[in-house]
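K.L.:
So in this note's numbering, spot 326 of the sequence shown is number 326, and the numbers just go up one at a time. All C-beta atoms in this analysis are idealised placements derived from N, C-alpha and C, irrespective of residue type, glycine included. This structure is a prediction, so every number in the text was calculated from the model and none was measured. First the structure, which I've put down as structure tokens, then a few questions once you've had a look.
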Amino acid sequence: MLAGLKEVPAIIKPALSDIDAKVLAIAENLHRKDLSPIEKSRALIALYESAGYSSELAAKYLMRLDEDNHRGEAKRSDAMVVPEHFKGIAKKLGLAANRQWQLLKYRHLDEGVLNYAHEKGLNGNKILLLTQKGIAERGVATHKRIIDRISDMSEWEAREYIHTCTVYANSMRERWAKEKERKEEASGGPASTTANIEEYVEVGPDTVVDRSMESAMEQDEQEEESAKLSRSEKRYARLVRDKDSRKPQESLAYLSVNELCLPVAYLRRLQKQAKAQNIELGAYLTYILFYKVERSGLTTLVLSRNEKAWFMSKNKGCATVKTEKEKEG
1 MLAGLKEVPA
11 IIKPALSDID
21 AKVLAIAENL
31 HRKDLSPIEK
41 SRALIALYES
51 AGYSSELAAK
61 YLMRLDEDNH
71 RGEAKRSDAM
81 VVPEHFKGIA
91 KKLGLAANRQ
101 WQLLKYRHLD
111 EGVLNYAHEK
121 GLNGNKILLL
131 TQKGIAERGV
141 ATHKRIIDRI
151 SDMSEWEARE
161 YIHTCTVYAN
171 SMRERWAKEK
181 ERKEEASGGP
191 ASTTANIEEY
201 VEVGPDTVVD
211 RSMESAMEQD
221 EQEEESAKLS
231 RSEKRYARLV
241 RDKDSRKPQE
251 SLAYLSVNEL
261 CLPVAYLRRL
271 QKQAKAQNIE
281 LGAYLTYILF
291 YKVERSGLTT
301 LVLSRNEKAW
311 FMSKNKGCAT
321 VKTEKEKEG
């Protein structure tokens, strides 16, 4: 008795099966703060696989459990039925189904990418951004480049960056597919090119595009941008009706980074598009500028003389929007 005690406090548990013993051990680890989300993910995947559930099937079951928790169990005959055995394991872990599902999403990432993200100090929420559709499918080199870009960003900025990457990459894929189809129709057969889409698409603001395709895609780009503006304005109208509880009631609008991402580079692109097509953005631009000012922490948005004149012509005074804190001061 090194502690000098005659009796040692202990909890005696009945004999456990192998799977129950694993559940108990992993449940304790999932709640440890010193374990990274990556380590928790690996433990969770190993547990479900040892119980006979692949990570893909476990993810589907967890998603279903989360839906049932929020909406009640569906009565449709075609609804996915989650086995009671699986429900028991998920419940014993003491972690919400949605959180377990998020941890399982790490399976989409390469081991080297996860280790690199850990070395760069990315937290779990930032790493989860790499599992989004359109990003998870990218190669290791692209994932590491994205990690380098978001390592010094806040989670908010990282979400904005990833959203921009996804939107731009999807747009370029669609244009590449249309151009390929146009070439096939013109030649009467398969397009005479061995180029892979990766040669034309690179995720990120510094996207590299084959310049020989630009002139052929200009018309499509104009049509797509017009449609995007229309959808963005409708989405903006919905967002304005929903105030974010984290912002003061005096705020002009609530703009979700996940729903609407308009960095300065895109604002300037909007400027050119609106000017060319004579589109009146009006108050829409005021809110976008206010959002940019709030995020930057500045009191005014610095614009060139020409940019300032253009924005003010669309909506007087919107080039020098002040934050609520500055107004109160």
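Excluding five sequence neighbours on each side, which residues of the same chain lie with their C-beta closer than 8 Å to the C-beta of aspartate 110?
P.N.:
Looking up residue 110 in the sequence shown gives position 110. Val140, His143.
K.L.:
Pull up the CB-CB distance for lysine 126 and glutamate 84, whole angstroms please, since I reckon it's below 8 Å.
P.N.:
Counting from 1 along the sequence shown, the entry for residue 126 is found at position 126. Counting from 1 along the sequence shown, the entry for residue 84 is found at position 84. A Cβ-Cβ separation of about 36 Å leaves lysine 126 out of contact with glutamate 84 under the 8 Å criterion.
K.L.:
Taking the alpha helix (DSSP H) that tyrosine 48 belongs to, which residues open and close that run?
P.N.:
Stepping through the sequence shown from its first residue, residue 48 is reached at position 48. Tyrosine 48 -> alpha helix (DSSP H) spans 37-50.
K.L.:
If isoleucine 146 sits next to threonine 166, beta carbons under 8 Å apart, how far is it from one beta carbon to the other, in whole angstroms?
P.N.:
Locating residue 146 in the sequence shown gives position 146, counting from the first residue. Locating residue 166 in the sequence shown gives position 166, counting from the first residue. About 11 Å separates the beta carbon of isoleucine 146 from that of threonine 166, a gap too long to meet the 8 Å contact definition.
K.L.:
Glutamate 56 to lysine 91, Cα distance in whole Å?
P.N.:
Counting from 1 along the sequence shown, the entry for residue 56 is found at position 56. Counting from 1 along the sequence shown, the entry for residue 91 is found at position 91. Approximately 19 Å, taken between the alpha carbons.
K.L.:
Compare the beta carbon distance of alanine 97 and leucine 65 with 7 Å and say whether it is the shorter of the two.
P.N.:
Sequence index remark: in the sequence shown, residue 97 carries index 97 (1-based). Sequence index remark: in the sequence shown, residue 65 carries index 65 (1-based). Going by C-beta atoms, alanine 97 is nearer than 7 Å to leucine 65.
K.L.:
For glutamate 84, report the span of its alpha helix (DSSP H) as first-last.
P.N.:
The count along the sequence shown starts at 1 and reaches residue 84 at position 84. First-last of the alpha helix (DSSP H) with glutamate 84: 84-92.
K.L.:
Could you name the residues of the same chain whose beta carbon sits closer than 7 Å to that of asparagine 102, not counting the 5 residues immediately before and after it, in chain order?
P.N.:
As a working note, residue 102 is residue 102 in the sequence shown. Per the sequence shown, residue 102 should be read as glutamine rather than asparagine. Contacts found: Leu128.
K.L.:
With H, G and I counted as helix, E and B as strand and the rest as coil, what does DSSP make of aspartate 68?
P.N.:
The residue you call residue 68 lines up with position 68 of the sequence shown. In the structure shown, aspartate 68 sits in a helix (DSSP, three-state: H, G or I).
K.L.:
Can you tell me where the alpha helix (DSSP H) with lysine 144 in it begins and where it stops?
P.N.:
As a position in the sequence shown, residue 144 is number 144, starting the count at 1. Looking at the DSSP string, the run of the alpha helix (DSSP H) that includes lysine 144 is 140-150.
K.L.:
By the three-class DSSP mapping on this structure, what secondary structure does arginine 107 have?
P.N.:
One-based indexing of the sequence shown puts residue 107 at position 107. Residue state, collapsed to three classes: helix.
K.L.:
With burial defined as no fewer than 16 other Cβ atoms inside 10 Å of the residue's Cβ, what is the status of leucine 255: buried or exposed?
P.N.:
One-based indexing of the sequence shown puts residue 255 at position 255. Because the pLDDT at leucine 255 is just 31, under 50, the model does not fix this residue reliably, and the point stays unresolved.
K.L.:
Proline 37 and glycine 124: beta carbons closer than 7 Å?
P.N.:
The residue given as residue 37 occupies position 37 in the sequence shown. The residue given as residue 124 occupies position 124 in the sequence shown. Against a cut-off of 7 Å, the Cβ pair of glycine 124 and proline 37 comes out as a contact.
K.L.:
Tell me whether the beta-carbon of threonine 131 lies closer than 7 Å to the beta-carbon of histidine 108.
P.N.:
The sequence position of residue 131 within the sequence shown is 131, counting from 1. The sequence position of residue 108 within the sequence shown is 108, counting from 1. Yes, these two residues count as a Cβ contact at 7 Å.
K.L.:
State the Cα-Cα distance for the pair alanine 169 and alanine 51, rounded to the nearest angstrom.
P.N.:
Indexing the sequence shown from 1 puts residue 169 at position 169. Indexing the sequence shown from 1 puts residue 51 at position 51. Spanning the two alpha carbons is a distance of roughly 38 Å.
K.L.:
Please classify valine 23: is it buried, with 16 or more other beta-carbons within 10 angstroms of its beta-carbon, or exposed?
P.N.:
Sequence index remark: in the sequence shown, residue 23 carries index 23 (1-based). Its Cβ being crowded by 16 or more others within 10 Å, valine 23 is buried.
K.L.:
Among Lys105, Tyr53, Tyr106, Lys178, whose alpha-carbon lies nearest the alpha-carbon of lysine 87?
P.N.:
Translated into positions along the sequence shown, residue 87 becomes position 87. Nearest option by C-alpha distance: Tyr53.
K.L.:
Below 7 Å CB to CB, which residues in the same chain sit around tyrosine 161 once its five sequence neighbours on both sides are set aside?
P.N.:
Stepping through the sequence shown from its first residue, residue 161 is reached at position 161. Result list for tyrosine 161: Arg149, Ile150, Met153, in chain order.
K.L.:
Pull up the CB-CB distance for alanine 58 and leucine 104, whole angstroms please, since I reckon it's below 8 Å.
P.N.:
Locating residue 58 in the sequence shown gives position 58, counting from the first residue. Locating residue 104 in the sequence shown gives position 104, counting from the first residue. Yes, they are in contact, since the Cβ atoms of alanine 58 and leucine 104 sit about 6 Å apart, within 8 Å.
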